[in-house]
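In this note's numbering, the protein residues as written are 47 to 1027.
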């Protein structure tokens, strides 16, 4: 952040008379005095910043990377949309068939004159029932297509590694079936709005409250029972207006999807859609006599529909469109006698329109920012407005002038309501307060502190006893709740029984009597399934609750949170028993042992085992990532996830030989050389580090790259390190002389992959610039450029005789290149998304490729055709390795799952059950039937001939003891295999 030249405040302008020195507002005054004292010219101007060349390069590179990510996402959306369309087509086909069968049956019965017994039963059923179908809503189809994954972290927990398969991207969401089963079986709506509440309405008898939200839903709440009764789905964008007819039979909602929808309040289904606006609907209001519906529309930067539409509610048709504002309409209101309509706009004006005459009556000006909310007084004499300028203004409609200006809020006014006795104005603001104003003397009559929750909307019950408010914001708040306030006592009443934001986890008690849930709203809630009610709410966590567990005796609940704590709650006493601190990262899983003695909690950096009786930590074991095996299989190197040390292990004797302490980069590429050096490059810096494993010291650091390192390898003699980077270069490092030996430059974009020919005479590189370059590795110069791909080159493989090169690209193709002729041989088409990895069998007969399309394809090298497709994956393929005898394909996906296929029989040999909490990888052994599976707690031995997976070495002996003593925890601590699904 820029700083003032005199203090640490943020500067707002620069002195052009002093070579552009920046100053904050306060220091500007002092600097003016300086010039006056020296009788010199003082010329202030806007800040103008010139970025350093390095930052300019970084900015341009980041923009290029972002553009690629955008284009990639567009392709993925297209692919997913195609799958979705197929699903909808199937759904529609089945539905139409069912309806046709029903139609045939009804027509058949209609022609019967003399009924048989079964026919009579059907006829009587038809006469008793009214066949009313729910509106055909595809509301179960939901998607978040443009979420930036980098934005899901706690403020203080910025991730080290932002790779595609990073655990940090994972948000643990509840399976829809868990929440839906509570609704269908017990009529328990445990989850409230999952995004901010924008609008509210209440029935004339005060029994039901209706809310609209940016989560695209309309929800119905029982005001007296404080329970959610129904979710109305159908809108495809944010809902910004709701109202209820006076007879309490219908709800009307307006949305950014440009539609108005009318819902049957009793049967809770959609009846009608009103269309006419061409831009988002921002506000909706219904006349008191139910004759007119008014909607306001528009969007920033587009003036094509800055209109107010007046609709006839009887025939569901528009009566007139009012135009006059120069910017979008934010709010509309209608007088109690249904004669006047008011609109507030981004253009800072309020316009009063005559409904019967269909013309503009008055324009009020005075606000200095957008008008967010309007309300008529019950005597129709005044209109009250609230604005982003933090003021409330009262306008006299008869005298056509401003009557009063009310100051007091410290942020935007978002909503206004007027009590039914016409005595009070109630205003809600982003300053987290509801303020009451005396309408007669125009003074503050009280403030309700909304407890750190911004107020988007307020309404008052028809008996003037209660205020209802809706919360939520676009600033990262996870409180999207409705709250009830006692108007007389100015205090909060009992909350509605549901989470105030999205539910992250649900577990059931063993006897299915209770369910326990955790949410983004920081609470743990216990639900009485038999009684169909909320049993209790546990407050205490200061961030989202990721996981919950309940003991078998239903006495204790345990929760883990983003606040890094584990909390134990007493179900009988309805209180917290203990707050267990010790995790250094967010807690993403908790489990209670079957004997109710221990709690096991997982975070990204450690496992902690707690005594449930003593409420303290018994075992704290850091999670390690095994990143390299020596070629002889004797040595393993791991690094702690808190990045404080490297560990050196004797794998044969199963013990730790040493440790190298110091800040460790999050390792993305690494290898152990034959001379017992460990070489690594970090994903969060541009460095290559070389460690001497014998001396257990850092030998040297190479930091000449100016951007992230994508690929790393060494020559056969281990004397030369080769690295490729997003800085468009390939660099060669002399290990014995500890210096950069050469730099290879030609690529115009990041170099994604490098490989060496088997004779060590050629280096081959693939780049985002779409080129493949063959380099003379003896003389360190460019030999040949291969052009053919139309998008980034992502992977390379070379035959054992160095005759053919295979490349994979984001253009969905594989290409075979003749290295003798230096030209393209064949294009292999089959994948429907970018290629992520490619290998060639040792006998040069098969090419095996993995892709973002979640398939592995086998190609015949001789015939240049596809041989087989391995499917069934749920995520993109991140890694493919062949066993030495070419019998098995070992594959890994970005969602942390392993599948091993028999290349001969084309059958699934084993599947490694993935865990959301323990990361895994694989390393091949010299035995073709053995694969070593590494995890955060140790190394397992996978015997493909026996289809067994057994722990070979634990990083921590204490975890080994727990693993052996508690068999039911083994699937959490380690991984299991299953045969073909």
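We put the CB at the ideal spot given by N, CA and C, even for glycine.
Can you tell me where the alpha helix (DSSP H) holding residue 871 begins and where it ends?
It is not in any alpha helix (DSSP H) - residue 871 instead sits in the beta strand (DSSP E) that spans 869 to 874.
To test your reading of the DSSP string, which unbroken beta strand (DSSP E) runs of 3 or more residues are found completely within the region 407 to 432?
Runs of the beta strand (DSSP E) inside the region 407 to 432: 417 to 422.
Can you grab the Cα-Cα spacing for the pair residue 483 / residue 442, in whole Å?
Each residue's alpha carbon lies about 17 Å from the other.
Just the C-alpha distance for residue 724 and residue 554, rounded to the nearest angstrom, thanks.
Residue 724 and residue 554: Cα-Cα distance of roughly 48 Å.
Tell me the residue span of the beta strand (DSSP E) that contains residue 882.
Taken as a continuous stretch (DSSP letters only), the beta strand (DSSP E) holding residue 882 covers 881 to 886.
Using 8 Å as the cut-off, can you tell me whether the region 320 to 328 makes contact with the region 349 to 356, which would need three or more C-beta pairs spanning the two stretches below that distance?
Yes: at least three Cβ pairs fall under 8 Å.
Take every Cβ of the region 416 to 424, pair it with every Cβ of the region 432 to 450, and state whether three or more of those distances are shorter than 8 Å.
Touching, yes.
Could you work out which residue in 268, 275, 913 and 276 is closest to residue 540 when comparing CA atoms only?
The residue with the shortest Cα to Cα distance from residue 540 is 268.
Taking buried to mean at least 16 other C-beta atoms within 10 Å of its own C-beta, is residue 585 buried or exposed?
Exposed.
How long is the line joining the alpha carbons of residue 67 and residue 102, rounded to whole angstroms?
One C-alpha to the other measures close to 21 Å.
Please determine, among 965, 997 and 964, the residue with the shortest C-alpha to C-alpha distance to residue 978.
Nearest of 965, 997 and 964 to residue 978, Cα basis: 997.
Rank 487, 887 and 546 by C-alpha distance to the C-alpha of residue 565 and give the top, closest one.
Of the candidates 487, 887 and 546, the one whose C-alpha sits nearest the C-alpha of residue 565 is 546.
Pair every Cβ in the region 992 to 1012 with every Cβ in the region 692 to 702, then say whether three or more of these pairs are closer than 8 Å.
They touch, by the three-pair rule.
At which residue ranges does the region 637 to 708 contain complete beta strand (DSSP E) runs of 3 or more residues, listed in the order of the chain?
Segments of the beta strand (DSSP E) lying fully in the region 637 to 708: 644 to 649, 652 to 657, 662 to 668, 670 to 675, 681 to 686, 691 to 696 and 701 to 707.
Which value, in whole angstroms, describes the spacing of the CA atoms of residue 530 and residue 567?
Cα to Cα, the separation comes out at about 17 Å.
Roughly how many angstroms lie between the CA atoms of residue 71 and residue 631, to the nearest whole one?
Taking the straight line from one Cα to the other gives about 40 Å.
Is it buried or exposed for residue 167, if we count other Cβ within 10 angstroms and need 16 for buried?
Its Cβ having fewer than 16 others within 10 Å, residue 167 is exposed.
Give the straight-line distance between the Cα atoms of residue 569 and residue 597, rounded to the nearest whole angstrom.
When rounded, the distance between both Cα atoms is 19 Å.
Could you check the C-alpha separation between residue 449 and residue 438 for me, to the nearest Å?
Going by the C-alpha atoms only, they are around 11 Å apart.
Note down, in chain order, each residue of its chain lying with its Cβ closer than 7 Å to the Cβ of residue 750, except the 5 sequence neighbours on either side.
Around residue 750: 777 and 786.
Is residue 147 buried or exposed, if buried means 16 or more other CB atoms sit within 10 Å of its CB?
It counts as exposed.
By the 10 Å Cβ neighbour count, where 16 or more other Cβ atoms means buried, how is residue 115 classified, buried or exposed?
By the 10 Å Cβ count, residue 115 comes out exposed.
Residue 544 and residue 235: beta carbons closer than 8 Å?
Contact: yes.
Return the CA-CA distance between residue 412 and residue 463, expressed in angstroms with no decimal places.
In a straight line, the C-alpha of residue 412 is about 20 Å away from that of residue 463.
Considering only residues of the same chain and omitting the five flanking positions on each side of residue 616, which have a CB-CB separation below 8 Å?
The residues are 601, 602, 622 and 623.
Taking DSSP as the reference, what is the three-state secondary structure of residue 538?
In this structure, residue 538 counts as strand in the three-state DSSP scheme.
Less than 8 Å between the C-beta atoms of residue 93 and residue 105, yes or no?
It is not a contact, given that the beta carbons lie outside the stated cut-off.
When burial is assigned at 16 or more other CB atoms within 10 Å of the CB, is residue 818 buried or exposed?
Residue 818 comes out buried.
Assign residue 840 to one of two classes, buried (16 or more other C-beta atoms within 10 Å of its C-beta) or exposed (fewer than that).
With 16 or more Cβ atoms within 10 Å of its Cβ, residue 840 is classed as buried.
Using DSSP bridges, identify the partner residues of residue 830.
Answer by DSSP bridge pairing, in chain order: 820.
What's the C-alpha gap between residue 758 and residue 726?
The straight-line gap from Cα to Cα measures roughly 8 Å.
Could you check what DSSP says for residue 217 in three-state terms: helix, strand or coil?
Unreliable placement is indicated for residue 217, whose pLDDT of 29 sits below 50; no coordinate value is reported for it.
Can you check DSSP and say which residues form a bridge with residue 934?
Answer is 948.
Spatial neighbours of residue 422 within its chain, please: C-beta separation below 6 Å, excluding the five flanking residues on both sides.
For residue 422, where only same-chain residues beyond five positions count, the Cβ hits under 6 Å are 379, 381 and 429.
Check residue 943 in the structure and name its three-state DSSP category.
In the structure shown, residue 943 sits in coil (DSSP, three-state: anything other than H, G, I, E or B).
Am I right that residue 582 and residue 636 are in contact with their C-beta atoms under 8 Å? What's the rounded C-beta distance?
So it is not a contact: roughly 19 Å between Cβ atoms.
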